[in-house]
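A.B. asks:
In UniProt numbering, the protein residues as written are 1 to 296.
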């Protein structure tokens with residue numbers, strides 16, 4: 001049975017790139033609708049298919065996935081690139097931390113890309129953000145599609161990998177991808193001055209090939225990611241700076257919110273952990289507890 005990769009999904013059609021480089025427009029075999037044990041095909045899936053015409057086919061099965069994201073809906077990703085702007089709109093830490101938690105949970109490599117570097121007069125803001133995330137192990141790259149700054153470094157990070165680009169609307173994600181993928185001309189949206197956010201301009205998830213043998217997923221801007229299905233005790237595992245210190249806590253299962261002998265709180269008091277990152281951790285923890293209370 002021939003094998004290919006789903007690179008785009010629109011209205012029940014799956015566009016499968018074959019090993020030979022051909023593109024087939026496929027439907028999913030009916031078994032996917034009626035057998036709940038079957039995986040619903042996603043962009044990024046490696047699938048088996050049958051040809052039914054010159055450029056048409058049917059997806060017959062989905063091979064096991066390495067990982068799967070819900071928002072955006074995509075499978076078999078190597079890394080996630082969290083795109084955020086330095087200006088217009090200004091950098092917001094809460095949505096960045098929210099996405100990082102979801103990426104950590106899926107075992108992805110995570111890269112933070114700062115856009116619109118050309119709108120800054122100095123490096124103060126970049127240094128401040130880098131001081132938050134680099135000690136936690138995250139790569140931070142400042143870029144500008146106007147000057148080209150940071151673009152070579154970003155291309156090197158993307159080479160040979162399947163990368164998903166995610167970010168709030170208006171942060172320059174599509175402009176960044178247009179620079180990386182000349183000729184694609186992805187639709188961009190202007191930032192609303194009233195609400196300091198952009199219009200969502202990406203409507204579907206699509207894997208796009210790069211000259212460096214990598215693939216990037218252009219995805220709709222993420223809105224409010226939730227923590228449905230999370231347990232309170234697992235959240236700390238998705239903050240590297242908390243995960244590193246948790247084994248030193250006096251009590252197993254410590255949630256790092258006031259328990260005696262908490263190594264995380266001690267590190268926070270010593271300013272070894274960013275205060276805002278810790279506040280976001282406690283906010284996410286409250287959301288998880290609230291979701292659990294509603295469940296029962």
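Idealized CB from N, CA, C, for every residue including glycine. Because the structure is a prediction, the values reported are computed rather than measured.
(1) If I'm right that residue 241 touches residue 136 with Cβ under 8 Å, what's the distance once you round it to whole angstroms?
(2) Determine the direct distance from the alpha carbon of residue 87 to that of residue 283, and round the result to whole angstroms.
(3) Count the other CB atoms, across all protein chains shown, that sit within 10 Å of the CB of residue 132; report buried if there are 16 or more and exposed otherwise.
(4) Here's a check: name, in chain order, each residue in its chain whose Cβ is nearer than 6 Å to the Cβ of residue 160, leaving out the five neighbours to either side.
(5) By DSSP's criteria, residue 322 is part of a beta bridge. Which residues make up the other side?
(6) Determine the direct distance from the alpha carbon of residue 262 to that of residue 69, and round the result to whole angstroms.
(7) Output the boundary residues of the beta strand (DSSP E) element that contains residue 86.
(8) Give every residue of the same chain whose Cβ lies closer than 6 Å to the Cβ of residue 44, excluding the five residues on either side of it in the sequence, and list them in chain order.
(9) For residue 57 and residue 42, what's the separation of their Cα atoms in angstroms?
(10) Which partner residues does residue 113 have in the DSSP bridge list?
(11) If you measure from the beta carbon of residue 7 to each beta carbon in chain C, is any gap under 8 Å?
(12) When you compare only the Cα positions, how much space is there between residue 142 and residue 167?
(13) When DSSP labels each residue in this structure, what does residue 124 get in the three-state scheme?
(14) Ends of the beta strand (DSSP E) at residue 204?
(15) Using C-beta distances below 6 Å, list every residue in its chain close to residue 251, excluding the 5 sequence neighbours before and after it, in chain order.
(16) Measuring only the C-alpha atoms, how far is residue 101 from residue 238?
(17) Got a sec? Which residues, its chain only, sit under 7 Å from residue 97 by beta carbon, not counting five neighbours each side?
C.D. replies: Taking the definition as stated:
(1) Against the chain shown, residue 241 aligns to sequence position 241. Against the chain shown, residue 136 aligns to sequence position 136. The Cβ separation is near 5 Å, so the contact holds.
(2) By 1-based counting over the chain shown, the position of residue 283 is 283. By 1-based counting over the chain shown, the position of residue 87 is 87. So the two alpha carbons sit approximately 25 Å from each other.
(3) Here residue 132 is taken as the residue at index 132 of the chain shown, counted from 1. Residue 132 should be labelled buried.
(4) Within the chain shown, numbered from 1, the residue matching residue 160 stands at position 160. Around residue 160: 213 and 214.
(5) In the structure as shown, the chain begins at 1 and stops at 296. Residue 322 is therefore absent and cannot be evaluated.
(6) Here residue 69 refers to the residue found at position 69 when the chain shown is read from its first residue. Here residue 262 refers to the residue found at position 262 when the chain shown is read from its first residue. So the alpha carbons of these two residues sit roughly 32 Å apart.
(7) Counted from its first residue, the chain shown places residue 86 at position 86. Unbroken run through residue 86: none, as it is neither H nor E.
(8) For the purposes of this step, residue 44 is taken as residue 44 along the chain shown, with counting starting at 1. Within the same chain, residue 44 has close Cβ partners 74, 75 and 76.
(9) Residue mapping note: residue 57 aligns to position 57 of the chain shown, counting from 1. Residue mapping note: residue 42 aligns to position 42 of the chain shown, counting from 1. The straight-line gap from Cα to Cα measures roughly 16 Å.
(10) Sequence index remark: in the chain shown, residue 113 carries index 113 (1-based). In DSSP, residue 113 forms a bridge with 83 and 141.
(11) Checking the listed chains, one finds no chain C in this structure; it contains a single protein chain.
(12) Taking the chain shown and counting its residues from 1, one reaches residue 142 at position 142. Taking the chain shown and counting its residues from 1, one reaches residue 167 at position 167. Roughly 15 Å between the two C-alpha positions.
(13) The residue given as residue 124 occupies position 124 in the chain shown. Residue 124: helix per DSSP, three-state reduction.
(14) Your numbering for residue 204 matches position 204 in the chain shown. Taken as a continuous stretch (DSSP letters only), residue 204 belongs to no beta strand (DSSP E), as it is neither H nor E.
(15) As a working mapping, residue 251 is identified with position 251 in the chain shown. Within the same chain, residue 251 has close Cβ partners 259.
(16) As a working note, residue 101 is residue 101 in the chain shown. As a working note, residue 238 is residue 238 in the chain shown. Their Cα atoms are separated by approximately 5 Å.
(17) As a first step, residue 97 must be located in the chain shown, where it is residue number 97. Hits under 7 Å: 277 and 280.
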